[in-house]
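>
Numbering (my numbering), first residue to last: 190 to 323.
Structure below.
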């Protein structure tokens, strides 16, 4: 399990394929995150407490959720199974995990500037929509 940075929530992973969120003050269930084909093996909250990452295996090496909405944000594939160790960097833009056997996996979240530079057409479309009011 893992506590949120402000210790207001606690998350528990289950090998049967779900993650439960608990309110740490009232000891009541705050939500259940399903969506794993196989079990979840590790958990970590982002430094700001807004995201929860869970490690599983192979095609579902890491799933990332928005804590408030409990919506799945993305699924990261990896090589190996039983991703027991998972951590965010202090800045929250790096996520590292490793399977029971195999290489360490590191993912980096691009900044909005990097996304805009990589997708210049998307930026131009947004500007054009603003100009013509649609």
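Glycine is no exception: its CB is placed at the ideal position from the N, C-alpha and C atoms.
Short of 8 Å in beta carbon distance, which residues of its chain neighbour residue 266, apart from the five on each side in sequence? Order them along the chain.
Within the chain shown, numbered from 1, the residue matching residue 266 stands at position 77. Excluding residues within five positions, the ones whose Cβ falls inside 8 Å are 247, 248, 249 and 250.
> Check the Cβ-Cβ distances between residue 207 and every residue of chain D, and say whether any is below 9 Å.
Any reference to chain D falls outside this structure, which holds one protein chain only.
> Which residues does DSSP pair with residue 227 in a beta bridge?
In the chain shown, the residue the question calls residue 227 occupies position 38. The partner list for residue 227 (beta bridge, DSSP) is empty, contrary to what the question assumes.
> Given a threshold of 16 other Cβ atoms within 10 Å of its Cβ, counted over all protein chains shown, does residue 288 qualify as buried or as exposed?
Sequence index remark: in the chain shown, residue 288 carries index 99 (1-based). Buried: at least 16 other Cβ atoms inside 10 Å.
> Just verifying my parser: in three-state terms, what is the DSSP assignment at residue 279?
One-based indexing of the chain shown puts residue 279 at position 90. If DSSP states are grouped into helix, strand and coil, residue 279 belongs with coil.
> For residue 295 and residue 218, what's the separation of their Cα atoms in angstroms?
Sequence index remark: in the chain shown, residue 295 carries index 106 (1-based). Sequence index remark: in the chain shown, residue 218 carries index 29 (1-based). Cα-Cα distance, rounded: 31 Å.
> Taking the beta carbon of residue 279 as the centre, do at least 16 other beta carbons fall within 10 Å, making it buried, or is it exposed?
Stepping through the chain shown from its first residue, residue 279 is reached at position 90. Answer is exposed; the Cβ neighbour count stays below 16.
> Buried or exposed for residue 307, please, with buried defined as at least 16 other CB atoms from any protein chain shown within 10 angstroms of its CB.
Residue mapping note: residue 307 aligns to position 118 of the chain shown, counting from 1. It counts as exposed.
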